[in-house]
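Residue numbers (the numbering used here), protein chains in the order written: chain A, 1 to 518; chain B, 519 to 926.
No residue lacks a Cβ here, since even glycine has one placed at the ideal position from N, Cα and C.
As structure tokens, the structure follows; a few thoughts come after it.
Okay, here's the thing in structure tokens:
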């Protein structure tokens with residue numbers, strides 16, 4: 001099983017094959033352009049479906065059997081239920097009971113609630129996971145215990161992989177907070193309401209078989225149909241598909257840490273001084289405590305200047321919704337709702353619009369929204385002196401986090417990473433990051449509590465702060481300061497085995513993750 | 519046989535700190551058991567540091583267990599040394615390198631609007647304190663350190679003075695109450711501490727004793743940097759003797775008031791209106807001014823209520839105080855804003871300073887503005903206002919070159 005390695009455009013050694021399939025090494029931003037035709041699932045015929053539109057079957061196991069579940073298939077799920085998902089584990093329990101082996105699980109993300117998958121990885125039901133792995137699953141995979149190699153993709157990259165046929169979904173199981181017997185479904189109402197179902201869009205359109213699972217079955221029609229029943233093969237009713245308080249956090253909170261608030265305030269000041277916050281601008285900030293605080297500071301500046309934003313990209317939360325309702329933002333273009341305020345707003349406010357990885361991030365689209373956004377606020381576990389950044393592994397090499405929309409958001413006009421210079425003793429700015437997830441040419445500004453570093457490629461931003469009192473430093477200076485405080489980190493030795501591949505948005509491999517020696 | 523000593527903190531929620539447990543043995547060499555959150559990146563450097571310290575104290579046979587939650591080297595060293603000192607009766611001290619940034623001196627009349635209290639045995643809060651830009655940071659050895667942790671806090675505070683960059687804040691330490699606090703000075707004075715806060719001060723003699731001990735230590739090490747004293751008046755007796763305390767030594771830079779203990783001494787609850795402390799506050803301000811020192815107000819303890827804080831600071835300023843204590847970094851900005859001079863004050867101060875410059879240029883001994891003569895203290899006060907305005911970003915540093923008054 002000798003695998004040859006080649007060096008990709010960011011200097012990382014990439015195996016020629018992963019899970020037996022040939023790999024295309026990363027070639028640079030917008031360098032790799034696939035041709036050919038979009039992948040298509042087999043044709044369906046309405047004559048083969050019940051004329052009265054009732055696609056209900058008794059239970060999930062029956063639905064999986066009817067869908068033709070067999071060894072080696074790829075089964076997909078979405079992550080709109082986050083850590084409150086009760087469906088994904090049941091799929092593989094059923095598969096294990098049916099004696100099916102070597103499945104590929106293709107979630108749009110996994111969460112700690114999916115720890116039971118470890119049993120199915122061990123008993124051979126699941127061969128490998130193509131999706132984020134963190135917590136116990138991340139540890140299991142990092143120690144080299146997964147049979148196959150994991151594949152991590154961005155939200156946009158997942159859509160791309162489905163569209164160009166790199167991943168063929170045999171069966172998609174879509175957990176739906178509300179659905180009708182025809183398979184129309186949405187995330188707006190029901191006990192497990194999660195706002196929208198955008199992450200399941202590709203799955204509904206491209207999977208060979210689609211199963212909708214709901215605990216809130218309503219008579220036809222279920223409107224709006226975020227998932228169209230015309231793509232759906234079977235509908236299963238269950239007592240409970242999610243744990244509401246884990247689906248949405250109830251309330252998301254702005255950080256109270258004075259250090260993080262300081263970084264947030266500095267980030268907002270920077271954006272203001274360099275002219276990013278103009279009337280009609282657009283922004284995207286995540287749901288982490290620091291990002292929320294930055295949104296809040298943006299709000300203060302907007303009120304003071306009497307300007308508004310044309311749109312904000314979600315993950316939506318109560319703070320973003322309040323800004324929409326106050327008239328500080330014209331539209332929220334939302335990819336996922338993080339709290340109840342977000343769900344309510346999406347249900348009631350026509351200016352709170354649901355989006356999908358297709359509209360927002362897809363590489364095979366005729367454009368997407370990511371590049372239209374003026375400023376995006378992202379996190380990272382490490383950044384190197386060339387501004388390459390890591391978001392998937394901890395500095396000790398363990399898988400920690402999925403890529404999410406992170407890579408896709410790098411195409412925004414201004415990419416800002418507000419991060420502490422060190423966490424406990426771990427310096428964030430390194431000579432080399434453990435895993436490259438995003439190339440430095442797309443990362444513009446690092447804001448730390450000890451100074452702001454601007455990518456030398458952004459001469460415009462450097463010019464804009466020439467006479468500013470902001471603490472502008474070079475990234476090397478910041479790295480040195482971190483190392484003076486923390487000490488120079490010792491090199492970490494990893495195992496030979498590749499346990500996961502990190503895909504770039506175009507389907508090429510930008511880096512691989514190696515086994516951690518315990 | 520087998521003396522044991524521990525220091526530091528462990529358990530859930532502990533970050534940027536560590537726990538060290540040392541057991542002396544009679545044979546078997548050094549055994550280090552390291553359980554570190556940052557093992558992958560710092561295993562060797564932690565072990566090297568531990569060996570270095572044990573070596574320094576000539577410990578040849580021992581078991582040292584370290585439970586590390588991402589402690590920086592200054593913390594690791596302090597915890598290990600504290601564990602050693604439980605086992606050994608040694609006067610030796612293991613000093614880490616003094617970072618050059620920490621060798622600065624402060625002026626007696628420097629701006630002291632905010633002073634941020636940091637518990638002396640909690641390293642996590644020390645590391646980033648300087649980025650919030652308080653005028654002073656206080657490493658506290660008194661109320662925030664439990665009696666059984668006082669010894670280990672000495673090493674942590676000493677190491678913080680040597681290694682934590684507070685980015686230009688005046689580096690202050692609140693010692694324990696007199697006379698216990700005198701012993702604290704040994705761990706502070708040789709490490710470029712800028713100012714000592716003397717709590718519950720009730721007499722000039724206490725200040726003089728502290729002052730004497732400071733100068734003895736300084737001369738022992740052949741250092742000659744200034745170490746100022748800020749006595750804290752926290753009792754009825756202290757209030758009565760405020761003037762003699764403020765004038766007890768040239769090194770008293772400021773007089774502070776502590777209202778929690780003072781109201782306890784009076785036997786009344788502390789209210790938001792503060793009528794019960796009005797006498798004490800005005801008395802302390804008056805005493806400080808009479809003695810020619812600065813004067814600093816107490817702390818405001820509701821860290822969530824910024825509006826109430828702003829009101830308290832404005833009152834404090836109107837009574838004549840130069841600054842306040844903070845117990846949370848978010849209070850700093852509010853305090854600085856409220857102590858900042860008003861536009862009218864700045865405008866007037868600009869005129870006075872310009873008139874002074876003009877008179878100096880002409881070689882005139884007397885400064886006048888229009889038909890009014892201006893006394894030297896007024897000029898000094900105007901300069902202080904200008905300094906504050908520059909510090910809080912209300913005036914550019916080169917304001918003199920930016921053309922004269924708009925109404926000229």
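Contact set between residue i and chain B, taken where Cβ atoms lie within less than 9 Å
| i | result |
| --- | --- |
| residue 261 (chain A) | 847 and 848 |
| residue 395 (chain A) | 556, 558 and 559 |
Where residue i sits in the DSSP three-state scheme
| i | result |
| --- | --- |
| residue 613 (chain B) | coil |
| residue 746 (chain B) | strand |
| residue 485 (chain A) | helix |
| residue 923 (chain B) | Low per-residue confidence applies at residue 923 (chain B): pLDDT is 49, beneath 50, and the placement is therefore not dependable enough to give any value. |
| residue 271 (chain A) | helix |
| residue 522 (chain B) | strand |
| residue 503 (chain A) | strand |
| residue 538 (chain B) | strand |
| residue 82 (chain A) | helix |
| residue 570 (chain B) | helix |
| residue 248 (chain A) | coil |
| residue 866 (chain B) | helix |
| residue 329 (chain A) | strand |
| residue 178 (chain A) | strand |
| residue 395 (chain A) | coil |
| residue 513 (chain A) | strand |
| residue 284 (chain A) | strand |
Proximity test, Cβ basis, 8 Å: residue i and chain E
| i | result |
| --- | --- |
| residue 589 (chain B) | In summary, chain E is missing from the structure at hand, where the protein chains are A and B. |
Amino acids of chain B, ordered along the chain, whose beta-carbon sits closer than 7 Å to that of residue i
| i | result |
| --- | --- |
| residue 432 (chain A) | Correct list: empty, because the minimum Cβ distance to chain B is about 13 Å. |
| residue 301 (chain A) | Near residue 301 (chain A) there are no residues of chain B at all, since even the closest Cβ is about 16 Å away, more than 7 Å. |
| residue 487 (chain A) | 560, 563 and 591 |
| residue 258 (chain A) | 650, 846, 847 and 848 |
Of the residues the options, the one placed nearest residue i, counting alpha carbons only
| i | options | result |
| --- | --- | --- |
| residue 759 (chain B) | B:721, B:784 and B:621 | B:721 |
| residue 423 (chain A) | A:437, A:52, A:448 and A:402 | A:448 |
| residue 895 (chain B) | B:830, B:852, B:810 and B:587 | B:810 |
| residue 95 (chain A) | A:111, A:113, A:253 and A:67 | A:67 |
| residue 774 (chain B) | B:763, B:768 and B:783 | B:763 |
| residue 570 (chain B) | B:733, B:613 and B:745 | B:613 |
| residue 341 (chain A) | A:463, A:190, A:100 and A:319 | A:319 |
| residue 433 (chain A) | A:450, A:419, A:464 and A:387 | A:387 |
| residue 297 (chain A) | A:481, A:278, A:268 and A:307 | A:268 |
| residue 381 (chain A) | A:99, A:374, A:375 and A:397 | A:397 |
| residue 335 (chain A) | A:324, A:180, A:352 and A:325 | A:352 |
Under 8 Å between C-beta atoms of residue i and residue j
| i | j | result |
| --- | --- | --- |
| residue 500 (chain A) | residue 74 (chain A) | no |
| residue 816 (chain B) | residue 776 (chain B) | yes |
| residue 411 (chain A) | residue 371 (chain A) | yes |
| residue 132 (chain A) | residue 172 (chain A) | no |
| residue 285 (chain A) | residue 295 (chain A) | yes |
| residue 167 (chain A) | residue 175 (chain A) | no |
| residue 383 (chain A) | residue 14 (chain A) | no |
| residue 639 (chain B) | residue 674 (chain B) | yes |
| residue 637 (chain B) | residue 658 (chain B) | yes |
| residue 355 (chain A) | residue 346 (chain A) | no |
| residue 307 (chain A) | residue 278 (chain A) | yes |
| residue 24 (chain A) | residue 507 (chain A) | yes |
Contact set between residue i and chain B, taken where Cβ atoms lie within less than 8 Å
| i | result |
| --- | --- |
| residue 372 (chain A) | The premise fails here: residue 372 (chain A) is roughly 34 Å from chain B at the closest Cβ pair, so nothing lies under 8 Å. |
| residue 450 (chain A) | 649 |
Contact set between residue i and chain A, taken where Cβ atoms lie within less than 7 Å
| i | result |
| --- | --- |
| residue 533 (chain B) | 424 |
**Prompt:** Any residues in the segment 115-145 of chain A with a beta carbon nearer than 7 Å to a beta carbon of chain B? Which ones, in chain order?
**Reply:** none
**Item:** Contact list for the segment 622-650 of chain B against chain A, Cβ threshold 7 Å
**Value:** 646, 649 and 650
**Request:** Return the residues of the segment 754-786 of chain B that lie within a Cβ-Cβ distance of less than 7 Å from chain A, sorted by chain order.
**Result:** none
**Asked** When Cβ atoms are compared, which residues of the segment 545-556 of chain B fall closer than 8 Å to chain A?
**Response** 555 and 556
**Request:** Quick one: which residues of the segment 488-515 of chain A get their C-beta closer than 7 Å to a C-beta of chain B? List them in chain order.
**Result:** 489, 490 and 492
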